[in-house]
Amino acid sequence: MKKFAWVMLTLLVALVAMSVYFLRDEPLTPLAEQALNYRPVPVPAEQNAFVGLVGLTAPAGSDFVQVGEEMIWRENLRQKPEQAVEKLAFSVKDYRYTCIREITENCLNEIWADAENIQKLLLENDTLIQRYLKIQKMPIFSNYSMDVLSDSHFSLSGEASQISRLLSAKAILDIKNGDIAQGLRWMEKDMAFYRKILAAKDVVIFDKVVAIAHIQRYAIFLSLLVENGKLRGQDEIVRALLLPLDSHRENLKKSTWREVVGFAQDMSHMMLNTRPDKLFEEYDFDERAHVEQNYSDKLIAYLKYYLMYKHNMTVNLQVELWRHEMEIIDTTPLSRLSDENVEQKALERAGCTNAERIFCKHMKNYIGEVLVLIRGTNHSVSLLRIYDADAFLRLARAQLEYQLAAKQPDADPAKILASLPPETFNPYTGKPFDFDAERGVIGFQPAANRDKDRRVEIHLSLQ
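Once you know that position 65 of the sequence shown is 1291 in the numbering used here, the rest is easy, because the numbers rise by one and skip nothing.
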């Protein structure tokens, strides 16, 4: 009997110890507290281009800025609209052209050949275009001006991107038809809008990546027009449009921090205000997520939540991964950054030796760690895409300056490129861009993983 009592006592002590272990959270780190307590400076909706873009597709005749404000407010409260409304939509599903990715003369030819369709689209989408032009004039762009959850809107995608592509095509047509000043004026206005987004602090990194893609598209157009001889005598304005992006790089780290803040606060809000059984239905933690749950399923969901989710540990891990990732990016030379597996190194520094087995550090925070790892860090890929766009701006600028400097057909291109100002050099090497004498092109190897299998090149030509 005594032996049985000792066995039961031992089991009870073990059960209590395991319960204490699985129920106990850890204190928030100072950086995690800073993330959860961050509150942005409020920005009036009518001054915030982000709010305007969220409401861009509001029904015709409505106040689209007010609609955008209401949409963000509902998103923050996780409320669905009281009734479905018919939104404005771009008149074609996905307006685009090849020069988003291809830097060839065919890009200009494609737009010039599409003149009739472009004029038709301009008329069909006039309401959206007029709204977009009003949004451009708004002085501030901030994803975080309303509340902690508004970063879930990626406002530069969709209709806004299609309008920008359409209006840039119109600018190309204006230049072809001889109205160079009008075409360049539009390019200058739209590039200034996206540079403003890139320079802003309270903007998620995704929107900055989209903004830089638009800036690079204009740089591609300018490069092709320079090569084509369509911009002779416009050297000063083209030079101004191809300014490097150095002054914006410091803000990129702040953008990744704002994204971490937004995710940490959003996740905290969700986990503290959602019933565990509903949480498991939404986030599909197991294969029964979309099956009608019975009482035992709900009980298991509650046990998983209380035993395998720790609020503070989750937020601590999120900000710790960001800190390690930024440290790696800061201490790695730009020329080597593309070769580093920054995300994996950040996981290792955070102690995530079990990341390949889903949970990272502690089984008792399995759910929190799954959430963090699903969302991921990997801001380095976004940063490299922005650095690549900066390199292209410098490449196009080198093409322009070479064309102005090479007055003789027998001039030595390599010597001319070496004599150009530093802002025309390859940012990854600090030297002039590689010159291929046989093909007459200069170029560089992009750092972003998605572009590593190709070189970016443009042709050199004389005036």
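Glycine included, each C-beta is placed from N, C-alpha and C at the ideal position.
Asked	Found
When the Cα atoms are used, what is the spatial distance from D1320 to G1294?	22 Å
Taking the DSSP output, what are the residues bridged to K1657?	N1652
In chain order, what residues of the same chain have a beta carbon less than 6 Å from the beta carbon of K1313, not counting five sequence neighbours either side?	T1283
Below 6 Å CB to CB, which residues in the same chain sit around A1640 once its five sequence neighbours on both sides are set aside?	F1661
Excluding the 5 residues preceding and the 5 following D1631 in the sequence, name in chain order all residues of the same chain whose CB lies nearer than 6 Å to its CB.	A small fix is needed here, since residue 1631 is Ala in this sequence, not Asp. So the list reads I1642, once near-sequence residues are dropped.
Pair every Cβ in the segment 1531–1551 with every Cβ in the segment 1255–1269, then say whether three or more of these pairs are closer than 8 Å.	yes
In the DSSP assignment, the beta strand (DSSP E) including I1684 goes from what residue to what residue?	V1682 to H1685
Apart from the five residues on each side of it in sequence, which residues of its chain come closer than 7 Å, Cβ to Cβ, to F1290?	G1278, G1281, L1282, A1284 and R1357
Taking the alpha helix (DSSP H) that G1278 falls in, what are its first and last residues?	A1275 to V1280
Provide the residue span of the beta strand (DSSP E) that contains V1318, from first to last.	Careful: V1318 lies outside any beta strand (DSSP E) and carries neither H nor E.
In chain order, what residues of the same chain have a beta carbon less than 6 Å from the beta carbon of S1481, not counting five sequence neighbours either side?	V1429, I1431 and K1434
I need the straight-line Cα distance from L1271 to Q1629, nearest angstrom please.	As written in the sequence, residue 1271 is Ala, which differs from the Leu given in the question. Between A1271 and Q1629, the C-alpha separation is close to 45 Å.
In whole angstroms, give me the CA-to-CA distance for P1268 and E1595.	32 Å
Rounded to whole angstroms, how far is the Cβ of T1353 from the Cβ of A1286, which I believe are closer than 8 Å?	6 Å
Considering just the uninterrupted stretch of the alpha helix (DSSP H) at V1435, what are its terminal residues?	I1431 to N1454
Could you check which residue in D1461, N1454 and P1470 has the C-alpha nearest to that of R1421?	P1470
Compute the Euclidean distance between the alpha carbons of E1213 and R1681, then round it to the nearest angstrom.	A question about residue 1213 goes unanswered here, because the residues of the chain that appear run from 1227 up to 1689.
Give me, in chain order, the residues of the same chain whose beta-carbon lies closer than 8 Å to that of A1490; leave out the 5 immediate sequence neighbours on both sides.	A1258, A1261, L1262, V1541, Q1544 and V1545
My output table needs one value for F1290: the three-state DSSP class, helix, strand or coil.	helix
Per DSSP, what kind of secondary structure is D1428 in: helix, strand or coil?	coil
Along the chain, where does the alpha helix (DSSP H) containing F1367 start, and where does it finish?	Unbroken run through F1367: none, as it is neither H nor E.
Return the chain-ordered list of same chain residues with a C-beta closer than 6 Å to the C-beta of F1511, the five sequence neighbours on each side being excluded.	Below a pLDDT of 50, predicted positions are generally treated as unreliable, and F1511, at 49, falls in that range; no measurement from the model is reported.
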